[in-house]
Every structure is written in C-alpha cells, then in structure tokens.
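**Student:** Quick one: this structure, given as structure tokens, is what I'll be asking you about.
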Amino acid sequence: MLNFSRPNVAAQAEDTVWAFHGRQLISELMGQPGAPIPLGQLKTDFPVVRDITPVGYLNDRAVYACAVESDDLDVMKYTSTNLFGLLGRLPQEEFDVIGRAHQLLNWEREHRHCGRCGNETHLSDKGQSRLCQQCNLSVYPRLSPCVIVLVTRDDECLLAAGVGSNRRFYSCLAGFVEPGETCEQAVIREVMEEVGIVVDDIQYQGSQPWPFPGQLMLGFTAKWVSGEICVDPEEIDDAVWCSGDTLPPTPPSFSIAGQLINAFLSTQRSL
Ligand SMILES: [Zn+2]
C-alpha cells in the first residue's frame, strides 16, 4: 500500500527505488515484475544512477524513483519493460504507483530550473513542490486533465478510430480540457469538434491516471441530441454507431474506455 506523502530525506542504500532507463522500467530478473530495487544494489550494477526522486511510502518504507544509464543491461540479472506494456499485466493499483514514480521523475527532470527566472529550483513543501528561491515561484507536478466520453443513442454507442490507429480498435472520443473550461463543456466541445454531434445529459463515471506522460482521464457518458456523424479528418479516421451485435474491436477492460463501453453493453443486455 502506497502512502502519497513524499519522503523528505535523501535516499539511503537500503531504500528501494523504481529505476527507469528512458521509458523502460528495470526489474530484477528473478524478482517480482515492477518491484522496486535497493538503491545500493543499483549503484553497484549501473555506471550512472541519477535524479533520485522521492515518491512516497510503500508499506511504511520510503520509496524513490531514479534514472539509470547503461550501455548493456546485465540480462542475467535484470529485465526491462516498457511502462505501457505493464498496463493490464499488473493490478491497477500497482500500475498507478509505478506510473506516479515515472511522472514524478519526469517532473523533477523537467523543472530543475525556474520557468520564470531561470534559477535552480529545489524540492520544498515536504517534497510536494519545487521552489525557486530567487523569485519564489512554486511548481507542482503537472497533470493534464483529459475527458473521455461514450456517446449513446438509444441502444447504440458511438465508437471512433483515431487517425494513425489503423482501425486496430474503436474507442470513445477523448480530448484535453482547455483552460477556463469545465469537464462538461470539454465533452460538448470535443464531441462537436470530432464528430459534429450535439450531446447533453453528461454524466461523470470515474477516472484513471494515464502516465503517458501525465494525463488524468476523466470518464463520462453523454446522450446524443442531434446531428449526423461528420468526422474531423485530422483527428478521426472513422466513427460509427454500434450495438452489442455490431461491435468492432474495442479497447481492453483495464482502460477506462473499455470500462465505459462494457458498462453500456451490460446495461443493454439486462434490458
Ligand atoms: Zn525563479
């Protein structure tokens, strides 16, 4: 169980660390996939261990993230996995914790200097923010809220294949929330922009952290009011109304898109 308070002390050799090599998470070959590794061991096995970043407390022990560099991974001892490849393979809670480690590591790396005056920043506020002592700017880890919406019309739902997806699967519509906008307004705008349809009855369903690199997916359902599908060809390759009988390939159920679609289909089946 992870406690999100960030340790305010430097990592010790016996503390455990999620080590990233680029976007790859390093795991011990004989250990549990995704488990953090003792810092002392990493320092012995990798020529460069840097950006050691406090993440929280795992089972009451401080835990950190870091970047490692190495030309060759010792394949008798370690394995590496793309963060995206761990989605659905680990319990969601474990994946979210590793995603948090990755996002905090990126945040530290990208905010070493103040965006306003260019001076160095330092961790402060019990590790929750980075502070520029020159101009007093505080910078918190940045999340990008993104709405994802399943539009329904009677017993059908609207699914779309994004440009570049090769129609591998059809999913809900999604887009970033703009400054000054409510999530509900973002849903209305995105659906209109992407498929030319007017919706209402917008209902929040749940959320999912999406650390690629720092989104928070906010899931909604909405009901069709008017309009025929007219896709924005820059964003959407194809969009169709589907029922349980005419379903194209859809995203897996560990994603919030898959959950929104499955919930709609099971409601339809129970009618
Ligand atoms: Zn500054």
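Letter 182 of the sequence shown, counting from 1, is numbered 196 in this note's numbering, and no numbers are missing. For every residue, glycine included, the Cβ atom is placed at its ideal position computed from N, Cα and C. Everything numeric in this text was worked out from a predicted model, so none of it was measured.
Spell out a yes or no on whether the stretch 54-69 and the stretch 96-104 are touching, meaning 3 or more CB-CB pairs, one atom from each, closer than 8 Å.
**Tutor:** At 8 Å Cβ cutoff, the stretches do not touch.
**Student:** Enumerate, from N- to C-terminal direction, the unbroken beta strand (DSSP E) stretches of 3 or more residues contained entirely within the stretch 181-207.
**Tutor:** Correct list: 187-190.
**Student:** Buried or exposed: where does M15 fall if 16 or more other Cβ atoms within 10 Å of its Cβ makes it buried?
**Tutor:** Exposed, since its Cβ has fewer than 16 Cβ neighbours within 10 Å.
**Student:** Going by beta-carbon coordinates alone, are L39 and L97 separated by less than 7 Å?
**Tutor:** Going by C-beta atoms, L39 is nearer than 7 Å to L97.
**Student:** Given a cut-off of 7 Å, decide if N22 and G141 are closer than it, judged by their beta-carbon atoms.
**Tutor:** Yes.
**Student:** By Cβ distance, which residues of its chain are closer than 7 Å to E249, with the 5 residues on each side in sequence left out?
**Tutor:** Only G176, V177 and E208 meet the Cβ criterion.
**Student:** Enumerate, from N- to C-terminal direction, the unbroken alpha helix (DSSP H) stretches of 4 or more residues contained entirely within the stretch 35-96.
**Tutor:** If we require 4 residues or more, the alpha helix (DSSP H) runs fully inside the stretch 35-96 come out as 53-59.
**Student:** Express the C-alpha separation of F190 and I243 in angstroms, rounding to a whole number.
**Tutor:** Distance between the alpha carbons of I243 and F190 is about 21 Å.
**Student:** What three-state label does DSSP hand E122 in the structure shown?
**Tutor:** E122: helix per DSSP, three-state reduction.
**Student:** Hey, D139 and S257: beta-carbon distance below 7 Å or not?
**Tutor:** Going by C-beta atoms, D139 is not nearer than 7 Å to S257.
**Student:** Closer than 6 Å to a non-hydrogen atom of ligand 1 - does that hold for the CB of Q222?
**Tutor:** Not so, every heavy atom of ligand 1 lies at least 6 Å from the Cβ.
**Student:** Below 7 Å CB to CB, which residues in the same chain sit around F109 once its five sequence neighbours on both sides are set aside?
**Tutor:** Excluding positions up to five away in sequence, the list reads L100 and L101.
**Student:** Give the C-beta separation of L173 and T264 to the nearest angstrom, bearing in mind that I take them to be a contact with Cβ-Cβ under 8 Å.
**Tutor:** About 7 Å; that satisfies the 8 Å criterion.
**Student:** Could you tell me whether the Cβ atoms of R77 and T30 are closer together than 7 Å?
**Tutor:** Before going on, a small fix: residue 77 reads as Val here, not Arg. The answer is yes: Cβ separation under 7 Å.
**Student:** Please state the DSSP three-state secondary structure of D139.
**Tutor:** In this structure, D139 counts as coil in the three-state DSSP scheme.
**Student:** Within this structure, are the beta carbons of V245 and V201 separated by less than 7 Å?
**Tutor:** Taking 7 Å as the Cβ cut-off, V245 and V201 do not qualify as a contacting pair.
**Student:** So what's A115 in DSSP terms, helix, strand or just coil?
**Tutor:** Residue state, collapsed to three classes: helix.
**Student:** In chain order, what residues of the same chain have a beta carbon less than 8 Å from the beta carbon of A188, not counting five sequence neighbours either side?
**Tutor:** Only C160, V161, I162, V163, E204, M231 and A271 meet the Cβ criterion.
**Student:** With C-beta atoms as the reference, is V12 less than 7 Å away from H127?
**Tutor:** Outside the modelled stretch of the chain, which goes from 15 to 285, sits residue 12, for which no answer is possible.
**Student:** Is L151 near ligand 1, going by C-beta to nearest heavy atom under 6 Å?
**Tutor:** L151: yes, Cβ under 6 Å from ligand 1.
**Student:** By the three-class DSSP mapping on this structure, what secondary structure does L261 have?
**Tutor:** DSSP places L261 in coil when its eight states are reduced to three.
**Student:** Can you give me the Cβ contacts of A33 inside the same chain, cut-off strictly under 7 Å, excluding the 5 residues immediately before and after it?
**Tutor:** Answer for A33: I40, I51, L56, C80 and V82, listed in chain order.
**Student:** Per DSSP, what kind of secondary structure is L279 in: helix, strand or coil?
**Tutor:** If DSSP states are grouped into helix, strand and coil, L279 belongs with the helices.
**Student:** Report the rounded CA-to-CA distance for D65 versus F183, giving the unit in angstroms.
**Tutor:** If you take the alpha carbons of D65 and F183, they lie about 37 Å apart.
**Student:** Can you give me the C-alpha to C-alpha distance between M90 and L43, rounded to a whole angstrom?
**Tutor:** Spanning the two alpha carbons is a distance of roughly 7 Å.
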